[in-house]
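Quick note, the sequence shown lines up with residues 39 to 318 if you use my numbering. Virtual Cβ for every residue (Gly too), placed ideally from N, Cα, C.
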Amino acid sequence: MRVVYLSNSGLYSTPLTGSSKGSPELIDGNASYSDSLSGVTDSAFTTHVLYASATNNDVKYAYRLPSNSQWQSSQDSPFSGSFPSITVDYASNDVYAFAIQGSSIVMRQRVPNHPWSDQSLVFPVTGRINPTLLNSNYASIGGTNSSNLEIVWTEGIGPFNIAFASIPLETVWSPYSSPADPWDGYGIAPYGQYFANLGESVSPSTGMLTVRQDLLSVTGRGLNLDFTMVYTEPYSFLNEKPFNYESYPWAPLGDGWQLNFPWLNDTASPEFIHLWNGQG
Numbered sequence: 039m040r041v042v043y044l045s046n047s048g049l050y051s052t053p054l055t056g057s058s059k060g061s062p063e064l065i066d067g068n069a070s071y072s073d074s075l076s077g078v079t080d081s082a083f084t085t086h087v088l089y090a091s092a093t094n095n096d097v098k099y100a101y102r103l104p105s106n107s108q109w110q111s112s113q114d115s116p117f118s119g120s121f122p123s124i125t126v127d128y129a130s131n132d133v134y135a136f137a138i139q140g141s142s143i144v145m146r147q148r149v150p151n152h153p154w155s156d157q158s159l160v161f162p163v164t165g166r167i168n169p170t171l172l173n174s175n176y177a178s179i180g181g182t183n184s185s186n187l188e189i190v191w192t193e194g195i196g197p198f199n200i201a202f203a204s205i206p207l208e209t210v211w212s213p214y215s216s217p218a219d220p221w222d223g224y225g226i227a228p229y230g231q232y233f234a235n236l237g238e239s240v241s242p243s244t245g246m247l248t249v250r251q252d253l254l255s256v257t258g259r260g261l262n263l264d265f266t267m268v269y270t271e272p273y274s275f276l277n278e279k280p281f282n283y284e285s286y287p288w289a290p291l292g293d294g295w296q297l298n299f300p301w302l303n304d305t306a307s308p309e310f311i312h313l314w315n316g317q318g
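Written out as structure tokens, the structure reads:
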């Protein structure tokens, strides 16, 4: 058993064996002496801690392998923010870091033996009023009925409210899913390469369905004019709305439908380009 705690001289860990107590181990002498500390142990008995820096607004991370005698501090910070919290996925031993940034809650995933920077920032909760005192569940298990990340926080300016969010873990297997970012893979719905049969196709990454419907086809001399629509099935949902999914903004074709032309979202800085046949 290992106790991790903050003092006015830094972040420490002390091993406990039965009734005996080991010597304190200094993890970081530059940790903020506050309530900004969160820790978990994964299924391989690696201990992960997330805490605030004493000198800036960075959230810092350290871990200790069961086979090592010393703590390892990550060279890259997951993000800046306040009230950091960490959750482990026992199915993969991925860890998920959370913190408050202004009126939003930021999240980042870390895969074992990879830096935080391999995964992109996600903002699952935005537009809150004075969010504070963020906390997350200790562990989830992908691919089971416990495959959601649960977070809770307070908000408002008095009287305060307690708010809750449940974030689904992306648990599908794919031969193309490393890294798991949709722009880095070969098939995460509605983007990527597909197995096709007539006008329907299925992403090998997620099993999500894509349907193509012809509206008009005019045969030309070597070049045909085709107007088609494509339906792409959302990959996941958050608060009963599609999550990590861009809806077609340029024509009211119905939920999930888009014209089969390349397009960008209508935001000031679109992040994705959508290609033909639901790929992107």
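- With a contact defined as Cβ atoms closer than 8 Å, valine 190 and asparagine 168 miss out at about 15 Å.
- For threonine 93, same chain residues with a beta-carbon under 7 Å away, outside a window of 5 residues either side, are Asn68 in chain order.
- With fewer than 16 other Cβ atoms from the protein chains shown falling within 10 Å of its own Cβ, glutamate 309 counts as exposed.
- Non-local C-beta neighbours of phenylalanine 83 in its own chain, meaning closer than 6 Å and more than five positions away in sequence, comprise Pro104, ordered along the chain.
- Between valine 144 and phenylalanine 117, the C-beta spacing is below 7 Å.
- Exclusion of the five residues before and after tyrosine 176 leaves Val78, Thr125, Val126 as the residues of its chain whose Cβ lies within less than 8 Å of its Cβ.
- With 16 or more other Cβ atoms inside 10 Å of its own Cβ, aspartate 66 counts as buried.
- Look at the beta carbons and you see the segment 266-283 touching the segment 291-302: at least three pairs across the two are nearer than 8 Å.
- By alpha-carbon distance to glycine 181, the top candidate from Ser61, Val163, Leu207 is Leu207.
- No Cβ-Cβ contact shorter than 7 Å links serine 141 with glycine 119.
- Going by DSSP, valine 149 is part of no beta strand (DSSP E) at all; its letter is neither H nor E.
- Under the 10 Å beta carbon count, glutamine 157 is surrounded by 16 or more other beta carbons and is classified as buried.
- Counting the other CB atoms within 10 Å of its CB gives arginine 259 a total below 16, which places it among the exposed residues.
- Bridge partners of glutamine 251 according to DSSP: Met267.
- Only residues of its own chain outside the window of five on either side were considered, and among them Gly119, Ser120, Phe121, Pro169, Leu172 have a CB closer than 6 Å to the CB of isoleucine 138, listed in chain order.
- Assignment of glycine 77 by DSSP, reduced to helix, strand and coil, places it in the strand class.
- Collapsing the DSSP output to three states places tryptophan 314 in a helix.
- Listed in chain order, the beta strand (DSSP E) runs fully inside the segment 108-164 are 120-127, 133-139, 142-148, 160-163, counting runs of at least 3 residues.
- Burial check for valine 256: the Cβ neighbour count within 10 Å stays below 16, so the residue is exposed.
- DSSP places alanine 177 in the strand class (E or B) of the three-state scheme.
- Annotation for proline 287: no beta strand (DSSP E) segment contains it, and DSSP assigns it neither H nor E.
- Measuring C-alpha to C-alpha distances from serine 74 to each of Asn303, Lys279, Phe136, Glu278 identifies Phe136 as the nearest.
- Rounded to the nearest whole angstrom, the CA to CA distance from leucine 291 to threonine 248 is 15 Å.
- Classified as exposed, histidine 152 has fewer than 16 neighbouring CB atoms from the shown chains inside 10 Å of its CB.
- DSSP, reduced to helix, strand and coil, places arginine 259 outside both helices and strands of the structure shown, so it counts as coil.
- Comparing alpha carbon positions, the residue from Leu54, Thr305, Gln108, Ala203 closest to phenylalanine 161 is Ala203.
- For tyrosine 89, the secondary structure class from DSSP, reduced to helix, strand or coil, is strand.
- Nearest C-alpha to tyrosine 134 among Asn106, Gly194, Asn262, Ile205: Ile205.
- Inclusion of serine 70 and aspartate 114 in the CB contact set at 7 Å is not warranted, their separation being larger than that value.
- Checking the DSSP bridge columns, you'll see serine 45 partnered with Gly48.
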